[in-house]
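To start, the structure under review is shown below, and the notes come after it.
Here it is in C-alpha cells:
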C-alpha cells in the first residue's frame, strides 16, 4: 500500500465518520430516525407508541390484511433490508419471517415482542402454525404490556441515546393500557359468568377469553367456502341449544339472513364484527390497538347483554 | 326410526319447515309454467330468462345491498327487458328468437357476474348463483307465496288461449285476439316465477324446479291438466326429499333439491309411459 493510498483512506474515514456515528447525531436531526419494521399492523401501532418521534415504523402486513395469508413481495424484502430493528410477534405467528429476514440480507436487531408471554395451547383447529402455541397473545392486554416492555428494551438497545424518551413513552402507554384493561374487565364483569358463552369462527380470542372470563367455542361443521347444507345449520342450532350459547360471532358465513334464522330459532344474539389480527385504516373502527380492544369488548358486551 | 328420518328434521327445526314451505310454494307456481314452456318448445328459454335476471338483481344489490325488494324489482325489470328485447331483435332482424335469446343470456350472465364481483365478495356471488333455500325469512317467504298465488290466478285467466296456442296456434289467431296478450302475460309469469325461485335457489338453479319436473311429467301424463298435476306433485315431493338429503348427508341444500328432480327424471325415462323399459319389454306391460 502506498502512502498516497493510506492518506486517501484516512481522508475517507474522516469524511464518513459522521455517517457511521449517526445515532449520536440523531437527536439534532429528525431525518435520521431509527427505521423499524414491524411484521403486522398491531405491532406497528405498539412500536409507534413506544418509539414516538425517534422511530420510523412500517408494517409489512398492512392494515385490513390478514397476516395468515400474507405473501411477501420483493418490495418487502427491500424494506426489511433497510430496517435497523425488526419487530416480530413470535409464537409461530410469522411462519414466513425467518426466511424473509435471511433472504433479504437484513442485519437488523430482532425484537420478539411475545418473549416472556405465557403461551396457551391452540384449540386445535384451523391453524397451520409449526407448534401448538396460540400466537394471538396480544388479545390479552396484560400480554400487550409485556410486548410494550420488550419493544422498549429492544429500542433502547438499538438506540441507547433515546433511552429516556423510550422509557417515558412506554410508561405513558402502559398507563393507558392499564386503564384499558380495567375498562374491559369492568364491562365484561357486569355480565353474569354463565352467560359469557360465544360461538365464533375466529380462532384468535383464546387469550382474551382466558383473561376476561369469556368462553369462545368453535362452530361445528360450518365452513366459509362451501355452500351450506341443512345439516350444517341443524348442527349449529343444536350446539347453541345444548351448550347454552348467548351470542354468535360468525363472519363470512353464507348470507346474513341465514344467521338471522339461526338467531331467531335459538334465541342467541348475532354479534357484529370483531378485529383480531389486523387493525383497520383510519376510517375503520379499529385504527389502533387500544381502539381495537375497546371495540371488541364493546361488541362482545353488547351481544351478551340482551 | 322412520320418524327421525322423515319427520324429525322438520319438527325440530324452524328453518327446515320454512325451506319446505318455500319449496312447496315454488313448485305450485313454477310447475304449470314449466309445463307450458315445454309444450311450446320453449324449454331452454326458461334457462335463458333465468340468467337474464342476474344483472337486474346485481344492480339492485349494488344500490341497496342484499335487500329483498331491490333484488326482486331489479330482477323483474331485467327479465322483462331481456324478454322484450330478444323478441324485438327476432322481429326486426333476421335472427331467430332462440338465437337472440342465447346471445342475450350470455351477455346478462357476464354483466351480472361482473357487477357482483366489483361490489361484493365470492360469497355474495355464490349467493346469487345458488341462492339459499335455508335462509328464507318472513318477507322472502311472503314474496314466494305471493308470486305463486299470482301465477295460479293468472294461469286460470289465460288458460284457454295458452292451451289453444300450444295445440293449434293458427286456429287461435283465427278466432281470437287473446293470443298476443296471453303470450305477453305468460312471459311475465315466467319471469315472476324465476325471480321468486331466485331467492331460494339462485339464478342457476331456479329454473330447475320449473323445468325438470315438467319434462319428467311428460312420461306419466298425456293431457295438459294431468301434466300440470304430475309436475307440481313431483316438484313438491322432490323438494321434500332434497331437503332431507341435505339434512342427513350434509349436501348443499339447493342443489340437493334439483338433484332429486333429476332422480325423478331418470326414473321417468326408464319406467314411464313410452320410457326405455316399456319400449324394450313391451310384452310385460300387457301381462301386467
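Residue numbers (this note's numbering), protein chains in the order written: chain A, 16 to 321; chain B, 9 to 296.
Quick reminder that beta carbons are idealized off the backbone N, C-alpha and C, glycines included.
Since the model is a prediction, treat every value here as computed from it, not as a measurement.
Extent of the continuous beta strand (DSSP E) run through residue i
i, result
"residue 94(A)", "Residue 94(A) -> not in any beta strand (DSSP E); alpha helix (DSSP H) instead, spanning 89-97."
"residue 85(B)", "From DSSP, residue 85(B) is part of no beta strand (DSSP E) but of the alpha helix (DSSP H) over 76-100."
"residue 215(A)", "212-215"
"residue 226(B)", "Counting along the chain, residue 226(B) falls outside any beta strand (DSSP E), and DSSP gives it neither H nor E."
"residue 124(A)", "124-127"
"residue 61(B)", "Here residue 61(B) belongs to no beta strand (DSSP E); instead the alpha helix (DSSP H) covers 51-72."
"residue 72(A)", "70-76"
"residue 53(A)", "49-55"
"residue 100(A)", "100-103"
"residue 231(A)", "230-232"
Residue range of the alpha helix (DSSP H) that includes residue i
i, result
"residue 315(A)", "304-319"
"residue 235(B)", "232-257"
"residue 122(B)", "105-127"
"residue 261(B)", "261-279"
"residue 195(A)", "178-204"
"residue 171(A)", "156-173"
"residue 157(B)", "146-175"
"residue 16(B)", "16-20"
"residue 260(A)", "Residue 260(A) -> no alpha helix (DSSP H), and no H or E assigned at all."
"residue 281(A)", "271-281"
"residue 223(A)", "221-227"
"residue 185(B)", "From DSSP, residue 185(B) is part of no alpha helix (DSSP H); its letter is neither H nor E."
"residue 133(A)", "Here residue 133(A) belongs to no alpha helix (DSSP H), and DSSP marks it neither H nor E."
Which listed residue (the options) has its alpha carbon closest to that of residue i
i, options, result
"residue 66(A)", "284(A), 48(A) and 56(A)", "48(A)"
"residue 268(B)", "144(B), 289(B), 29(B) and 242(B)", "242(B)"
"residue 104(A)", "149(A), 224(A), 176(A) and 290(A)", "149(A)"
"residue 79(A)", "302(A), 317(A) and 310(A)", "302(A)"
"residue 295(A)", "77(A), 71(A) and 257(A)", "77(A)"
"residue 76(B)", "147(B), 35(B), 104(B) and 234(B)", "147(B)"
"residue 304(B)", "35(B), 160(B), 234(B) and 262(B)", "Nothing can be reported for residue 304(B), as the shown portion of chain B is limited to 9 through 296."
"residue 126(B)", "149(B), 151(B) and 70(B)", "70(B)"
"residue 75(A)", "61(A), 69(A), 101(A) and 195(A)", "101(A)"
"residue 99(A)", "258(A), 120(A) and 88(A)", "120(A)"
"residue 126(A)", "284(A), 255(A), 53(A) and 118(A)", "53(A)"
Classification of residue i by the beta-carbon crowding that lies within 10 angstroms, buried from 16 upward
i, result
"residue 64(A)", "buried"
"residue 173(B)", "buried"
"residue 140(A)", "Model confidence at residue 140(A) stands at a pLDDT of 47, short of 50, so the residue's coordinates are unreliable and nothing is read from them."
"residue 228(B)", "buried"
"residue 264(B)", "buried"
"residue 288(A)", "exposed"
"residue 24(B)", "buried"
"residue 101(B)", "exposed"
"residue 118(B)", "exposed"
"residue 274(B)", "exposed"
"residue 3(B)", "Chain B is shown from 9 up to 296; residue 3(B) falls before or after that span and cannot be answered."
"residue 226(B)", "buried"
"residue 316(A)", "buried"
"residue 251(B)", "buried"
"residue 275(A)", "exposed"
"residue 272(A)", "buried"
Chain-ordered neighbours of residue i on chain A, where CB pairs are closer than 7 Å
i, result
"residue 258(B)", "244, 246 and 247"
Amino acids of chain A, ordered along the chain, whose beta-carbon sits closer than 8 Å to that of residue i
i, result
"residue 57(B)", "Those within 8 Å of residue 57(B) in chain A number zero; the least Cβ separation is about 23 Å."
"residue 255(B)", "244, 245, 246 and 249"
"residue 251(B)", "245"
"residue 17(B)", "245 and 249"
Chain-ordered chain B contacts of residue i [CB-CB under 8 Å]
i, result
"residue 252(A)", "21 and 23"
Neighbour list for residue i in chain B, Cβ cutoff strictly below 9 Å
i, result
"residue 276(A)", "22, 23, 26, 142, 143, 144 and 145"
"residue 68(A)", "Chain B residues near residue 68(A): none, gap ~40 Å exceeds 9 Å."
"residue 314(A)", "Result: empty, since nearest Cβ-Cβ is about 21 Å, beyond 9 Å."
"residue 280(A)", "21, 22 and 23"
Neighbouring residues, chain B, relative to residue i (Cβ below 7 Å)
i, result
"residue 271(A)", "74"
Anything in the region 260-282 of chain B with a Cβ closer than 8 Å to a Cβ of chain A? List those residues in chain order, please. 260, 261, 262, 263 and 264
Select from the region 138-157 of chain B all residues with a C-beta closer than 9 Å to any C-beta belonging to chain A, and list them in chain order. Close to chain A, meaning a Cβ-Cβ distance shorter than 9 Å, are the following residues of the region 138-157 of chain B: 138, 140, 141, 142, 143, 144, 145 and 148.
Members of the region 73-84 of chain B that neighbour chain A once the beta carbon cut-off is set at 7 Å: 74
Quick one: which residues of the region 222-241 of chain B get their C-beta closer than 9 Å to a C-beta of chain A? List them in chain order. none
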